[in-house]
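In mature numbering (1 follows the signal peptide of the UniProt record, and there is no 0), the protein residues as written are -19 to -1, 1 to 1141. Backbone N, C-alpha and C define an ideal beta-carbon position, used for all residues, glycine too. Written below as structure tokens is the structure these notes are about.
Next comes the structure, spelled out in structure tokens:
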């Protein structure tokens, strides 16, 4: 037999993904005792650069950078020339790096820049080239303090009610306020009012004076009335004008100081609206006790701008003016727009440039979260060009407090660059905006918003080129504060938007349950292809897991240009060191810092930075060749005088270990492989010569070259199953040997590696010279002596089946039975095989009902091979549901088939029709409440009496059916009425209608009938037969039928009988072509009720009474005479008394004389 190559079937086995190829056994940990060390990490050239933004290097200088070297395991501070104006910049809060060329961008976004009394927050970044040469500063200089001009006018009360000393105190207050502001931003003028008003110095005087405060020296009090409204009108119309030196774009501020109510007729309602229209911000200062009264206080409120609580000051005396100097200064500074409570006037004063950073082809981009009232944006710094500010303001979208630029990321699509900015506080849910360049202008192209308030959607970003074609396929968007009951944080997987389609996120990544404050998604990074599948993988940080010890998750890219929804590895901070905190707060990956040809991942923790190597990933392939390629019949068939075991040939097993990555490492591994014959079977049909069992285990040390070895196979006994091939399965385990030159870096088997290989060894078939088996199958069956199937009575239906084969061997022979839903397969029994050397084996399985409602059962015939000329008979039993509805005929069908794919013929199918009836169990009985007895006398022969016959009908079966109740009752005997006014009633259902008809007797000689038996029935009397139709007699339903009427007595005399039985008969009828009463219960379909009717004689009682009375008197006389004769009537009382007296007389007394006898 020629050598045949057997193709392999690959079986994928589930493998735990809890520990894949990030090396957690030997991490490199860098630790520097510096506050904030590990807040940010970035891979730069051959170094790991770590930011320490809270480090204090000198007065007003915070932040630092460290370069950490894998070779030495140490970190060194990176010296930078930090300008003195970069106060408290938090250097290292954000960093970015690029590889072509190697450049590093390190930013400090909290530069404190004092502008007069206000503190601005801007930022500064440093661009470094390899190794750490400081190239330039971005931006080149701090932003100049914004100039907000203010024209402040004092309008002071000089009326006579103010003492000179208090007036001087008021001037001192004005001088103190003026000294708190600097020129040229702020200009002052002073106007005094009483009955008139006087401009002591105007804005132009203040601007040109070398000593502005000296202008107050010449002010003298006017001492007249208080014309406050007129003075305000003058200031509004005249003083705040160019003629007096007022500036067009300056803020107009008026400070009015007075000690009481005005004393003129001009009202504030005529003045204040004009000041309001001129944009003058007014402060009113009331001095003295007059303002305790509501009227005076109302004047202050009318003068001041709204809200009055922010613009009205009230003090008791002029000495107290110094107490409000600070408050007034702060309120005026608030108008300047840099420390305003209403942040609507901020532009770039609080921009915090460099809060995030990314390199783009056009230059570095710095996120500016605080710009324009924290709407945010980003600055692009092209080489040798002015920076470009990128934000959403041109789209007229309310982005206030959105923090746009909190995160920045570059995306490329077919060579075109896009900028992605995160705004995690937009509308409290977060937003991410993708900007593209259109006509040299950066415009928002697409955006996606978060779904949960406070989730910080957009706090972290990561664009992923999954397949490495230089175009971004995905954008990962972190929402670290997304909250669920068991999981904290999530990362949305958003395919890169194409064209004008709406940007949507089609998947979500989450960490393990049990960490509601885990902050999963706080940091994201691209790792590169770490598992060797040529798809990019990503890492996600969750620094809040395990009570802030933190964790990092590894997710693999998928061939569908997505990210696997489940992580392949989770590395916890506690796993590496119990002292780690916030492990995963920053990430950086994608470069080889350890010089092993594999990508590394850098992880920041509190006070630590860790470098985790990726382990080399191995895969192993196996090829198995078996010679000869099939088992000959002469080997496996049991013949006489044949000895076992038989030689089956040899299997050559070839193993090939390969490396997923492209590095040239000399990798070695220990491979343990197990060979198993017929896995899953109770007993194997083949064994290994080496072990004498079905199992063989070998251990080999393999490199990256192919390794082959042979094993011999034996057949220990004759084979019953020669249809199913013998399976040879190889499964293996691989343990990589540590590489000493790489600090014992240990290779590992790929998580999705092929771990099971199988091949098969088939048996030779007996199919003639053409090797094509042509069987010729036939089938028939019957139901023995059953003529009609009675549903509800016959609970089982037995089919006796015969199958035979007139052709060549048939493989996988099976009989399929088709039957209606009322039947269900129960068992197969009684198999007999002819011309088969082995016992018959039958297994049957039922399939669910098909679309037509037909059920089927498939029975495999014989032991896989149905030999030529073989015949089998067996019995299949089906359960018949008592409630089944099968129609009037049951159609049973069956066909026989095989795996030979022979054409179907008329012999391979058979069907049988069987008549069907339905078993019912209905019962009728005579009710106890029927009239049982009546009698009458001769004088009553012409009368009648009411009587009733009552029947009870029950449906005790499991099926409802239409029935009729027939009740027959004698109506006339020899033309003499028996019943009158007779009717049939149904108390449960009065709507049941009953019809009636008269029937003639079958016998004419009724006297002879009565002599034999005194029974009146329909055989001798004209009867009335009632028929009551019940369309649907329900299951367990009970009905009563009452035959009620007047029973006549006159007909009885014809019978020559004194006692007669009057009989009625009731019967249940139904369609016997459809229904059948249960066997043995037919007698309950008929019942009769008997009434005994008796005639009695009437007797005369007077002679009997007279005779009885006379006889009684005579008897009484005889008794009386007899008693007298015996002395019954003689009295003995006297003698009894005398005897008693004699016994009671004492001895000393004389005896009382006896009285003579007296007759009573």
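Using the Cβ count rule (16 or more neighbours within 10 Å means buried), how would you classify residue i?
i, result
"residue 412", "buried"
"residue 1039", "exposed"
"residue 762", "buried"
"residue 263", "buried"
"residue 1017", "exposed"
"residue 1083", "exposed"
"residue 1", "buried"
"residue 730", "buried"
"residue 875", "buried"
"residue 672", "exposed"
"residue 865", "buried"
"residue 258", "exposed"
"residue 1139", "Residue confidence for residue 1139 is low, a pLDDT of 37 falling below 50, so the modelled location carries little weight and cannot support an answer."
"residue 654", "buried"
"residue 162", "buried"
"residue 434", "exposed"
"residue 786", "buried"
"residue 201", "exposed"
"residue 1109", "exposed"
"residue 1146", "Because the chain here runs from -19 to 1141, residue 1146 falls outside it and cannot be looked at."
To the nearest angstrom, how far is the alpha carbon of residue i from that of residue j?
i, j, result
"residue 826", "residue 760", "19 Å"
"residue 323", "residue 230", "Caution is warranted here: a pLDDT of 36 is assigned to residue 323, below 50, making its placement in the model unreliable, and no coordinate value can be reported."
"residue 342", "residue 312", "46 Å"
"residue 526", "residue 424", "38 Å"
"residue 379", "residue 357", "11 Å"
"residue 930", "residue 921", "22 Å"
"residue 792", "residue 479", "56 Å"
"residue 394", "residue 124", "35 Å"
"residue 220", "residue 212", "10 Å"
"residue 138", "residue 173", "6 Å"
"residue 643", "residue 406", "44 Å"
"residue 964", "residue 1026", "6 Å"
"residue 347", "residue 62", "20 Å"
"residue 325", "residue 157", "Below a pLDDT of 50, predicted positions are generally treated as unreliable, and residue 325, at 39, falls in that range; the measurement from the model is reported next regardless. So the alpha carbons of these two residues sit roughly 30 Å apart."
"residue 3", "residue 597", "10 Å"
"residue 528", "residue 437", "20 Å"
Going by CA-CA distance only, name the one from the options that's closest to residue i.
i, options, result
"residue 1055", "849, 782, 1070, 770", "770"
"residue 991", "1023, 1037, 965", "1037"
"residue 142", "484, 175, 169, 166", "175"
"residue 881", "794, 40, 925, 1072", "794"
"residue 784", "778, 807, 856", "856"
"residue 616", "606, 641, 703", "703"
"residue 608", "200, 16, 630", "630"
"residue 517", "502, 499, 449, 492", "449"
"residue 104", "329, 49, 177", "329"
When the cut-off is 8 Å and only beta carbons count, does residue i lie next to chain B?
i, result
"residue 674", "Although the question refers to chain B, the structure presented lacks it and comprises just one protein chain."
How do the segment 891 to 911 and the segment 924 to 940 stand: do at least 3 beta-carbon pairs fall below 8 Å, yes or no? yes
Along the chain, which unbroken stretches of the beta strand (DSSP E) at least 3 residues long are found entirely within the segment 29 to 76? 37 to 39, 46 to 50, 55 to 58
Hey, is the segment 624 to 632 in contact with the segment 30 to 37, meaning 3+ C-beta pairs nearer than 8 Å? no
Enumerated in chain order, which unbroken segments of the beta strand (DSSP E) with a length of 3 residues or greater are wholly contained in the segment 118 to 164? 131 to 138
Does the segment 381 to 393 touch the segment 329 to 341, meaning 3 or more C-beta pairs lie closer than 8 Å? yes
Any chance you could list the beta strand (DSSP E) runs of at least 3 consecutive residues sitting entirely within the segment 945 to 1005, in chain order? 960 to 966, 975 to 980
Would you be able to state if there are at least three C-beta pairs under 8 Å between the segment 649 to 666 and the segment 709 to 716? yes
Segment contact, 8 Å Cβ cut-off, at least three pairs: the segment 580 to 596 with the segment 540 to 551: no
Of all the alpha helix (DSSP H) runs that stay within the bounds of the segment 839 to 901, which reach a length of 4 or more residues? none
So does the segment 147 to 164 actually touch the segment 109 to 118, counting three or more Cβ pairs closer than 8 Å? no
Does the count of Cβ pairs from the segment 1088 to 1101 and the segment 981 to 988 closer than 8 Å reach three? no
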